[in-house]
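Read through the structure below, which is laid out as structure tokens, and then see the notes.
Numbering (the UniProt record's numbering), first residue to last: 1 to 279.
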């Protein structure tokens, strides 16, 4: 619940600590933010725009696909890795949390941790607010200063989401770890060409390391390889929940899908990286 994690939040306007007040959040300077009836708080500054935030359709697609268990392998590997690293009570901050699916899995394996889901999509935050009883959700822009206290988080998760190295470094405790999950160039295999999906840079992992350099150093890395047998509707859902949703409209996707076997085997390939915070 948001009340459990408000101690870690700061005002996006002035940076002062936030506290519960009536049906919202308020800082000592008087800046106030409502808590939606779904349980999340919107801490976007007034001049912020959602940009490419997930639409309701993308959020529904992601929730449907993840609930079906198709990405269980990376979710469980991430949850086990985080659980091994935690020492007692700690805040797990999921930056770009989406529906909170991965944060929920982590908290299931880390019974003393609290979770905070940040996402720029209010539609995603609505679902993330219900992802786990020990998690709160906030609408925030990862490219702006995060509404989180310095050194508040013992762990930062970043799963298929943008990475703000400077802010992740600031909000992490000095002994904290950053866990990232990214797709490898083998992810989705032949579907990429067959359906005209957005291609994944073969140097993506290298570029991720470079983007974090100066703030983090790589600690460990592991590849996660699995396969899912997906029906055509499930493939369409998979496409709708990712970046290709903006590039392959349904009227183009379905004719291409019809040329493939149904169901179709789909290779799923991920990279789980753990980074240590540099001083």
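Cβ coordinates follow ideal geometry from the N, Cα and C atoms, glycine included.
The structure displayed is predicted, hence computed values, not measured ones.
Inter-residue Cα distance where the pair is residue i and residue j
i, j, result
"residue 78", "residue 126", "23 Å"
"residue 63", "residue 43", "23 Å"
"residue 260", "residue 190", "10 Å"
"residue 117", "residue 254", "34 Å"
"residue 27", "residue 185", "45 Å"
"residue 132", "residue 6", "16 Å"
"residue 228", "residue 89", "35 Å"
"residue 70", "residue 246", "22 Å"
"residue 197", "residue 159", "20 Å"
"residue 96", "residue 165", "13 Å"
"residue 102", "residue 213", "25 Å"
"residue 170", "residue 266", "38 Å"
"residue 113", "residue 163", "23 Å"
"residue 76", "residue 224", "11 Å"
"residue 104", "residue 94", "10 Å"
"residue 250", "residue 142", "29 Å"
"residue 18", "residue 161", "26 Å"
"residue 3", "residue 252", "45 Å"
"residue 100", "residue 74", "14 Å"
Residue nearest to residue i in terms of C-alpha spacing, selected from the options
i, options, result
"residue 61", "98, 46 and 31", "98"
"residue 275", "215, 45 and 118", "215"
"residue 111", "168, 248, 87 and 210", "87"
"residue 109", "119, 95 and 84", "84"
"residue 209", "223, 226 and 180", "180"
"residue 226", "119, 102, 72 and 21", "72"
"residue 145", "10, 68 and 1", "10"
"residue 36", "142, 1 and 100", "1"
Residues near residue i in its chain [Cβ-Cβ closer than 7 Å; skip 5 each side]
i, result
"residue 231", "262 and 263"
"residue 192", "199"
"residue 33", "24, 25, 41, 42 and 43"
"residue 56", "123"
"residue 8", "91, 116, 148, 149 and 152"
"residue 241", "58, 61, 62 and 65"
"residue 16", "10, 27, 28 and 29"
"residue 244", "197 and 198"
Beta-carbon proximity check, residue i vs residue j, cutoff 8 Å
i, j, result
"residue 41", "residue 25", "yes"
"residue 183", "residue 269", "yes"
"residue 187", "residue 151", "no"
"residue 277", "residue 154", "no"
"residue 120", "residue 21", "no"
"residue 194", "residue 256", "yes"
Contact set for residue i: own chain, Cβ-Cβ below 6 Å, skip 5 residues either direction
i, result
"residue 106", "79, 82 and 92"
"residue 168", "156 and 178"
"residue 12", "43, 45 and 147"
"residue 222", "272"
"residue 38", "126 and 129"
Residues of its chain near residue i, where Cβ-Cβ distance is below 8 Å and the 5 sequence neighbours each way are ignored
i, result
"residue 258", "232"
"residue 14", "27, 29 and 31"
"residue 68", "234"
Distance cut-off 7 Å: residue i Cβ against heavy atoms of the ligand SAH
i, result
"residue 56", "Summarising the ligand content, the structure contains no ligands, and the ligand SAH is consequently not present."
Quiz item: Any chance the region 193-202 sits against the region 215-229, with 3 or more Cβ pairs inside 8 Å?
Solution: no
Self-check item: Touching by the beta-carbon criterion (3+ pairs, under 8 Å), the region 134-146 and the region 228-243
Solution: no
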